[in-house]
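Engineer:
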Amino acid sequence: MIHSMTGFGKQILQRPGKKITVEIKSLNSKNLDVNARVPQAYREKELAFRDRIARALVRGKVDFSLYVESNGASANSEINQAVVGAYMEQLAELAHGEQVQFLEMALRLPDALKTAREEIDPEEFQAIEGALDQAIEQLQHFRLEEGRALEQDFRNRIKTLMEQLEEVGRQDARRIEAVRERLERAVAELKESVDSNRFEQELIYYLEKYDITEEKVRLAKHLEYFGESLDSEDSNGKKLGFISQEIGREINTIGSKANDASMQRIVVQMKDELEKIKEQMLNVL
Numbered sequence: 001m002i003h004s005m006t007g008f009g010k011q012i013l014q015r016p017g018k019k020i021t022v023e024i025k026s027l028n029s030k031n032l033d034v035n036a037r038v039p040q041a042y043r044e045k046e047l048a049f050r051d052r053i054a055r056a057l058v059r060g061k062v063d064f065s066l067y068v069e070s071n072g073a074s075a076n077s078e079i080n081q082a083v084v085g086a087y088m089e090q091l092a093e094l095a096h097g098e099q100v101q102f103l104e105m106a107l108r109l110p111d112a113l114k115t116a117r118e119e120i121d122p123e124e125f126q127a128i129e130g131a132l133d134q135a136i137e138q139l140q141h142f143r144l145e146e147g148r149a150l151e152q153d154f155r156n157r158i159k160t161l162m163e164q165l166e167e168v169g170r171q172d173a174r175r176i177e178a179v180r181e182r183l184e185r186a187v188a189e190l191k192e193s194v195d196s197n198r199f200e201q202e203l204i205y206y207l208e209k210y211d212i213t214e215e216k217v218r219l220a221k222h223l224e225y226f227g228e229s230l231d232s233e234d235s236n237g238k239k240l241g242f243i244s245q246e247i248g249r250e251i252n253t254i255g256s257k258a259n260d261a262s263m264q265r266i267v268v269q270m271k272d273e274l275e276k277i278k279e280q281m282l283n284v285l
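Right under this line is the structure:
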């Protein structure tokens, strides 16, 4: 069963004084590329989050976001009373006024507020990890569903390629006979006596250069192997990509040896079908 590299997952946690949102999405990439957006207070746990993602997702361009919204029930900023008091005293020495006015002015000055460094509660971190696991599970389910659609598309196109290969086989029998007749007619038009044995040897040599029997057999095997790989429990886009390259190599060789307009048209159709497979292959895990 193949998996797509495209997916999305989201979980929301309600904690005392805050709402925590975990989002994760992935797109296709040759390797694993994790981009994390984490609030400053949670940066010390970023490597743990990245490791968890890497072990689960293997490949893809992954965007991980952790959003923390305070609901006002708690605050980690306090008035720096000593600093504000000193500001007010200095202001009172400089001008006459109400204490409330001096307080408003002092609170706007540097260091009037002090922010206590928020320590991550182990229980909260564990809850975030659980939410991340659930978001990853959602993303993997998304990947699986999209993978099913890709798999069906691949099976349809491989079936089409097999049918086109069968048509190539039918055209091949006619093509070889046509080449033989064309050469015999050309020799006859020379109106010269030709050694029949030598002519037959040269004809066999010439026809062998255009023989595509091996290519047809190998191409059929590659198409069969591609289908078997789709049945594998593991999703291996790189392996399918290698098989696609081998399929393309055999199709190109058949095209170069064809020397026949009808067969060339079928080869063009096969190349077009394979190109669509390769485009979709970029998104397979």
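If you're matching positions, the sequence shown starts at 1 in the UniProt record's numbering and goes up one per residue.
Virtual Cβ for every residue (Gly too), placed ideally from N, Cα, C.
Go ahead and label residue 286 buried or exposed: buried means 16 or more other beta carbons lie within 10 angstroms of its beta carbon, across all protein chains shown.
Structural biologist: Because the chain spans 1 through 285 in this model, residue 286 falls outside it and cannot be assessed.
Engineer: Could you check where the alpha helix (DSSP H) with residue 67 kicks off and where it finishes?
Structural biologist: Careful: residue 67 lies outside any alpha helix (DSSP H), inside the beta strand (DSSP E) at 60-70.
Engineer: So the candidates are 58, 246, 24, 64; which of them puts its Cα closest to the Cα of residue 217?
Structural biologist: The option with the nearest alpha carbon to residue 217 is 246.
Engineer: For residue 30, name the three-state secondary structure that DSSP assigns.
Structural biologist: Coil at residue 30, not helix or strand.
Engineer: Could you check where the alpha helix (DSSP H) with residue 45 kicks off and where it finishes?
Structural biologist: From DSSP, residue 45 is part of no alpha helix (DSSP H); its letter is neither H nor E.
Engineer: Applying the 10 Å Cβ sphere with the 16-neighbour rule, what's the burial state of residue 1?
Structural biologist: Exposed, since its Cβ has fewer than 16 Cβ neighbours within 10 Å.
Engineer: What are the partner residues of residue 113, as DSSP defines its beta bridges?
Structural biologist: Beta-bridge pairing links residue 113 to 79.
Engineer: Taking buried to mean at least 16 other C-beta atoms within 10 Å of its own C-beta, is residue 106 buried or exposed?
Structural biologist: By the neighbour-count rule (16 or more Cβ atoms within 10 Å), residue 106 is buried.
Engineer: Put residue 6 into one of helix, strand or coil per three-state DSSP.
Structural biologist: Coil.
Engineer: Who are the near neighbours of residue 68 in its chain, counting only those whose CB is closer than 7 Å to its CB and skipping five residues on each side?
Structural biologist: Answer for residue 68: 18, 20, 39, listed in chain order.
Engineer: Provide the residue span of the alpha helix (DSSP H) that contains residue 252, from first to last.
Structural biologist: Residue 252 -> alpha helix (DSSP H) spans 237-258.
Engineer: Quick one: any contact between the stretch 5-12 and the stretch 87-101, if contact means 3 or more CB pairs under 8 Å?
Structural biologist: Not touching, per the Cβ criterion.
Engineer: Whether or not the stretch 28-38 and the stretch 54-64 are in contact is what I'm after, with contact meaning three or more pairs of Cβ atoms, one per stretch, closer than 8 Å; do they touch?
Structural biologist: These segments touch.
Engineer: What is the residue span of the alpha helix (DSSP H) that residue 229 lies within?
Structural biologist: Note, residue 229: alpha helix (DSSP H), 213-230.
Engineer: Going by DSSP, which residues form a beta bridge with residue 18?
Structural biologist: Its beta-bridge partners are 15, 70.
Engineer: Report, in whole angstroms, the separation of the C-beta atoms of residue 155 and residue 4, which I expect to be a contact under 8 Å.
Structural biologist: Contact flag wrong, Cβ pair sits at about 15 Å.
Engineer: Taking C-alpha atoms, which residue in 24, 254, 42, 23 lies nearest to residue 172?
Structural biologist: The shortest C-alpha separation from residue 172 is found at 254.
Engineer: Assuming residue 359 and residue 52 are in contact, meaning their beta carbons sit under 8 Å apart, how far apart are those beta carbons, in whole angstroms?
Structural biologist: The first residue shown for the chain is 1 and the last is 285, placing residue 359 beyond what the model contains.
Engineer: Please list, in chain order, all residues of the same chain as residue 29 whose beta carbon is under 8 Å from its beta carbon, the five residues on each side excluded.
Structural biologist: Excluding sequence neighbours, residue 29 sits near 5, 59, 60, 61.
Engineer: Taking C-beta to C-beta, are residue 244 and residue 281 nearer than 8 Å?
Structural biologist: For residue 244 and residue 281, yes; Cβs fall inside 8 Å.
Engineer: So what's residue 24 in DSSP terms, helix, strand or just coil?
Structural biologist: Of the three classes helix, strand and coil, the one that applies to residue 24 here is strand, per DSSP.
Engineer: Could you tell me the alpha carbon to alpha carbon distance between residue 183 and residue 146, rounded to whole angstroms?
Structural biologist: Whole-angstrom Cα-Cα distance: 54 Å.
Engineer: CA-CA distance, residue 166 and residue 150?
Structural biologist: In a straight line, the C-alpha of residue 166 is about 25 Å away from that of residue 150.
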